[in-house]
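Residues in the first sequence are numbered from -13 upward in steps of one, following the working numbering. The beta-carbon is built from N, C-alpha and C at its ideal position, and this holds for glycine as well. Data block below; observations after.
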Amino acid sequence: MQLYKNQKIKVYNSLSGKKEEFKPINDGHIGMYVCGPTVYSNVHLGNCRTFMSFDMIFRYFKHLGYKVRYVRNITDAGHLVDDADEGEDKIAKKARLEQIEPMEVVQRYTVDFHNTLQKFNFLPPSIEPTATGHIIEQIEIIKDIIEKGFAYEVNGSVYFDVVKFNEANNYGKLSGRKLEDMIANTRELSAQTDKKNPQDFALWKKAEPEHIMRWPSPWGDGFPGWHLECTAMSTKYLGKTFDIHGGGMDLKFPHHECEIAQAEACNGSSPVNYWLHANMLTLNGKKMSKSTDNNIYPNEIFSGDNKILSKEFSPSTVRFFMMQAHYTSILDLSNDALLASEKGYLKLMDAITTLKSLDFGSKTEFDINRWQQKCYDAMNDDFNSPILIAHLFEAVKHINLIKDNKESITREDKNLLEKILNTFVFDILGLTSVNDTNGNSGKLEEVVELLIQLRNDARLNKDFALSDKIRDQLLAMGIQLKDGKDGTTFSLI
RNA sequence: GGCAUCGUGGCCGAGUGGCUAGGCAGAGCUCUGCAAAAGCUUGUACAGCAGUUCGAAUCUGCUCGAUGCCUCCA
């Protein structure tokens, strides 16, 4: 029997504003779509947090035995640059600045994106479609929307008629906005526009002659509007109605609102049952922004080459830090917070190492089955990873007590505990052990064991100058010796 | 200005009507050649004001503050 039959999950649905019991459309199967990155620059740490939250959710569903089709797109076309430049594609602009082909930019930053995610130990999604690979599908959807009467063509561009849509539907239901308010708050734009109403959004944009990225369409050469790709790809791979749509909170409006409108205009039904939004990551209490220098890239954290943090931090430390907060909460990254997380992460990893070498006794004082269910309950409650981690530290406490012979554990329970811990720590939270991160082989272990022996000989001879030298110099290299009752162990810090 | 998400002890972060996380830091003790590590013990917190209630950090209203979005673009 699959685990999911016993574990009832509740998720916070942004659409209803409530926690709801999660029921997939098809028993045992889950379709999940998450808005991916725009590959015109290096991946932003805030994006990483969003994707990491959904990576954890994906991992948990899989662990429960669901067959999950997880689609996360790559946006590689069709996005316009900030204010000044009119109608110029973001990717095309960057390409011109750097004197290379648009697809070269796309390739470079897609590789960066994948490299970074790999360092964070992400699972690859089931499908990672690109916007440029689905131009035909997008054109078909535009035709459909025009046919249904919710879009109009002007001068080679096609716009979605929000006002008309709102007559029979509710535009703004996801973000809690009312069309009347939006209209009332719109300032008069002096710019010339082809739109009937300022609220209308582009489904297809005409390409000016100098525009590099362009595709033929029934309305002339152009490129798709940016809300459309997600509708096209989610519909193609997950169907007209699917289970979960995720993304960053910042995408709620207008992007996700427009996706709903497009799909409802086409199909007459709501495209998504559960909308999940991950909250923002701030840096030292302020939003990350390139212009104010309040910004840090993942690689700068891993290398320590930055002006914000006092030292380098491993991807697993950062992952642990992020998992210690609930995905719907704003999380603030700071040096102190990372230092604290690093210690906590190492403590957890140490306990897992300790567990392997534990002696077993005739009884177990620790109710492992009950504890296991508490871990599941945490995850079932809207993927509450911080609560899960709190429970994991309960196990850490017991492991250390057993090590100090203050408690005991049977052989079977020890194996069970090891299995459960591995599941939650590595499979679900997606953490990696310290050794994996550093890529060390067994040789290091042997060398350190030798040094420990030499040091112990020195201690027996009361040559503390030598023994302390070994200890201190190892520590300086990041290898910490730990004298316990049953001899000396070490861990990498 | 509007919409949204929030404001929890020295720091980071759960909880969300009475039971009441966890991590880091601090203090004391145990262990130790000395440390470190580990264990045990130790924390009168819930932005402010008013209200509802037998009881509120948790509900309601207002105020202040933070973050995101407000259709060009993500």
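Exposed or buried, what is residue i when buried is set at 16 or more other beta-carbons lying within 10 Å of its beta-carbon?
i: N321; result: exposed
i: I77; result: buried
i: K105; result: buried
i: D186; result: buried
What residues in its chain sit with their C-beta under 7 Å from that of residue i, if we drop five residues either side in the sequence?
i: A495; result: The displayed coordinates of the chain run from -13 to 479. Any statement about residue 495 would go beyond what the structure contains.
i: Q328; result: The sequence shown places Glu at residue 328, rather than the Gln named in the question. Contacts found: F299, T303.
i: I316; result: N265, M266, T268
i: N183; result: V148, V149
i: N(-8); result: none
i: P372; result: Q310, A311, H312
Quick check on residue i: does DSSP put it in helix, strand or coil?
i: M309; result: helix
i: N152; result: helix
i: S2; result: coil
i: P184; result: coil
i: N101; result: helix
i: K383; result: helix
i: G470; result: strand
i: E286; result: helix
i: H197; result: coil
i: S419; result: coil
i: Q459; result: helix
i: H377; result: helix
i: G32; result: helix
i: E393; result: coil
i: W357; result: helix
i: F37; result: helix
i: S348; result: coil
i: E87; result: coil
i: D367; result: strand
i: E7; result: strand
i: K329; result: helix
i: K222; result: helix
i: Q(-12); result: coil
i: N253; result: helix
Looking only at its own chain, which residues have a Cβ that is under 6 Å from the Cβ of residue i, when we skip the five neighbours before and after it?
i: M(-13); result: none
i: G470; result: none
i: F410; result: C361
i: K222; result: E123
i: L437; result: I456
i: R445; result: S453
In the DSSP assignment, what residue or residues form a beta bridge with residue i?
i: R58; result: V20
i: T116; result: I60
i: G211; result: None, per the DSSP bridge assignment.
i: Y46; result: Looking at the DSSP assignment, Y46 forms no beta bridge with any residue, so it has no partner.
i: D318; result: T268
i: H242; result: The partner list for H242 (beta bridge, DSSP) is empty, contrary to what the question assumes.
i: E139; result: V144
i: T475; result: K468
i: L437; result: Note: L437 sits in no beta bridge, so no partner.
i: V411; result: According to DSSP, which records beta bridges pairwise, V411 is partnered with nothing at all.
i: K230; result: The sequence given here has Ile at residue 230, not Lys. The partner list for I230 (beta bridge, DSSP) reads M18, Y260.
i: W190; result: V144, P210
i: K(-4); result: E7, D367
i: K53; result: H15
By Cβ distance below 8 Å, which residues in the same chain neighbour residue i in space, the five residues on each side in sequence not counted?
i: S176; result: Its pLDDT being 45, under 50, S176 is placed unreliably by the model, and nothing is read from it.
i: L319; result: L31, L267, T268, L269, N270, I282, F307
i: T314; result: Y(-2), H263, A264, N265, D368
* Please determine if the segment 222 to 238 and the segment 137 to 151 are in contact, where contact requires at least 3 C-beta pairs separated by less than 8 Å. => Cβ pair count under 8 Å is below three, so no.
* Asked: For the 8 Å Cβ check, are there 3 or more pairs between the segment 330 to 342 and the segment 15 to 29?
  -> no
* To do: For the segment -8 to 2 and the segment 358 to 373, state whether three or more C-beta atom pairs, one from each stretch, are separated by less than 8 Å.
  => yes
* Between the segment 124 to 140 and the segment 213 to 220, do three or more beta carbon pairs fall short of 8 Å? -> yes
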